[in-house]
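Down below is the structure, laid out as structure tokens.
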Amino acid sequence: MTTPTPPSPAIPPERSAFDDAHGHAAEESLSDRGRLRACLVIVLTLALAGVGCGIAWAVLAPDIELVMTQVGPLPASELDAGRLVAMDSWYAVLAGVTGLMLGAVLATFFLRQGVVMVVALIAGACLAAVLASAAGSLVANGTVVWTADPAATVDTTVAAPLRLHAYGYLFAWPVAVLAPVVPLAWLGWLDDDRPVVMSATSLSTGRPTGQQEPPALR
10 MTTPTPPSPA IPPERSAFDD AHGHAAEESL SDRGRLRACL VIVLTLALAG
60 VGCGIAWAVL APDIELVMTQ VGPLPASELD AGRLVAMDSW YAVLAGVTGL
110 MLGAVLATFF LRQGVVMVVA LIAGACLAAV LASAAGSLVA NGTVVWTADP
160 AATVDTTVAA PLRLHAYGYL FAWPVAVLAP VVPLAWLGWL DDDRPVVMSA
210 TSLSTGRPTG QQEPPALR
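My numbering applies: residue 10 is where the sequence shown begins, and numbers increase by one.
Set out below in structure tokens:
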């Protein structure tokens, strides 16, 4: 003779509503923490990359000689004029290559964060652009130089400090970092919107084709 199982106590509706609200708040807290962690990782990664690119820029940029004239310092020769362009070009190359690689990696890992990821990428790229310019100038010159106006007499030759002459190159960072976001987001959208194929077997089991049966509880 089997002993009848006593009925389980009913959960009051107030308790159930409280549990649902508490679970929803916990999920929101975890989601906010995930967004904050993603922002910190993205911004710090790009900032460190900017410092590293600045150091590499100081090593790769050519030395340039300027001659002081009545209108200010000018390249001493056509070769120095070409090197002056190469100084900014090295910055743009380093920013473009590093920005593309990091943008692709970071966007792949944090694509689910959506707009938060995009804002973090823009903020980190702008910070990296400034840090790369400042770090390169600091390493090469011993101080950060934004504008060069050497106090030298006319016809005197001076060394050009490492600095950006075309500040538009600063935009190479955000443009390069954001470039992989659009194709990655498009590929993710295609993956999310992939149609579910239903076969005769799947209609009978209630599961799409190719989906494995969940393991039985033991």
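Cβ coordinates follow ideal geometry from the N, Cα and C atoms, glycine included.
So residue i and residue j are supposed to be a Cβ contact under 8 Å. How far apart are they, rounded?
| i | j | result |
| --- | --- | --- |
| G105 | A181 | 5 Å |
| P84 | V167 | Contact doesn't hold; Cβ gap of about 11 Å is too wide. |
| P183 | A116 | Between A116 and P183 the Cβ distance is about 13 Å, and since that is not below 8 Å, they are no contact. |
| A149 | L130 | No, A149 and L130 are not in contact; Cβ-Cβ is about 28 Å, not under 8 Å. |
| D97 | A175 | 5 Å |
| E133 | V60 | The sequence given here places Gly at residue 133; Glu does not occur at that position. G133 to V60, Cβ: 12 Å. No contact. |
| A169 | L88 | Going by Cβ atoms, the distance from A169 to L88 rounds to 13 Å, so no, they are not a contact pair. |
| A144 | G63 | 3 Å |
Mind checking which residues open and close the alpha helix (DSSP H) that includes residue i?
| i | result |
| --- | --- |
| L147 | V124 to N150 |
| V186 | A181 to L187 |
Could you pull the start and end residues of the beta strand (DSSP E) that residue i belongs to?
| i | result |
| --- | --- |
| V78 | One detail in the question is off: residue 78 reads as Thr in this sequence, not Val. It spans E74 to T78 - the beta strand (DSSP E) in which T78 sits, taken as one unbroken run. |
| L83 | G81 to P84 |
| A168 | T166 to A168 |
How should residue i be labelled, buried or exposed, when 16 other C-beta atoms within 10 angstroms of its C-beta is the threshold for buried?
| i | result |
| --- | --- |
| G123 | exposed |
| L196 | exposed |
| W66 | buried |
| Y178 | buried |
| W9 | Residue coverage of the chain in this structure runs from 10 to 227, which leaves residue 9 outside it and unanswerable. |
| G151 | exposed |
| V163 | exposed |
| V114 | exposed |
| R203 | The pLDDT assigned to R203 is 47, lower than 50, so where the model puts this residue is not dependable, and the model offers no usable value. |
| S146 | buried |
| T107 | buried |
| F118 | exposed |
| S142 | buried |
| L111 | buried |
| A101 | buried |
| A137 | buried |
| L49 | exposed |
| V205 | Here the model assigns V205 a pLDDT of 43, short of 50, so the residue's position is not dependable, and the following value carries that caveat. V205 is exposed by the Cβ-count criterion. |
| A90 | exposed |
| L103 | buried |
| L173 | buried |
| L140 | buried |
| V153 | exposed |
For this session: Tell me, please, whether the stretch 117 to 133 touches the stretch 63 to 73 by the rule of three or more beta-carbon pairs shorter than 8 Å.
Result: Because the criterion of three Cβ pairs below 8 Å is not met, the stretch 117 to 133 and the stretch 63 to 73 do not touch.
Problem set entry | Contained beta strand (DSSP E) runs [length at least 3] in the stretch 79 to 121, N- to C-terminal order | Complete beta strand (DSSP E) runs here, min 3: 81 to 84.
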